[in-house]
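For reference, each letter of the sequence shown is one residue, going -9 to 60 in our numbering.
Written out below as structure tokens is the structure these notes cover.
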Amino acid sequence: MQLLLNCKQAHQMLSEGLDRDLNFAERARLKLHLSICDSCTNFSNQMQILRKAMRKLSLDQPGAVEEVKK
Ligand SMILES: [Zn+2]
């Protein structure tokens, strides 16, 4: 397994991170790439904003709100 991701892999991993929790090794490799790559850092920020917006949307649904109240 290569330690350094290229940008394509980093983007793919960031997208996957929206659907599932990345494991420790994946997060570490992603973080390493982000520390040396500005464009992927920007992409990551956008993804996080998107993720928060998506979570808020799901919380706004009546069923999800009932879950939170319990
Ligand atoms: Zn990159």
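For each residue, glycine too, the CB sits at the ideal point set by N, CA and C.
Computed from a predicted structure; not experimentally measured.
The count of Cβ pairs closer than 8 Å, one atom from the region 38 to 54 and one from the region 11 to 28, stays below three, leaving the stretches out of contact.
With distances taken between CA atoms, LEU20 lies nearest to MET3 out of ARG10, ASN32, MET3. Closest option to CYS30, judged by alpha-carbon separation, among SER5, ASP9, ARG45: SER5. With a 10 Å radius around the Cβ and a threshold of 16 neighbouring Cβ atoms, LEU40 comes out exposed. In the three-state reduction of the DSSP assignment, ASP11 falls in the coil class.
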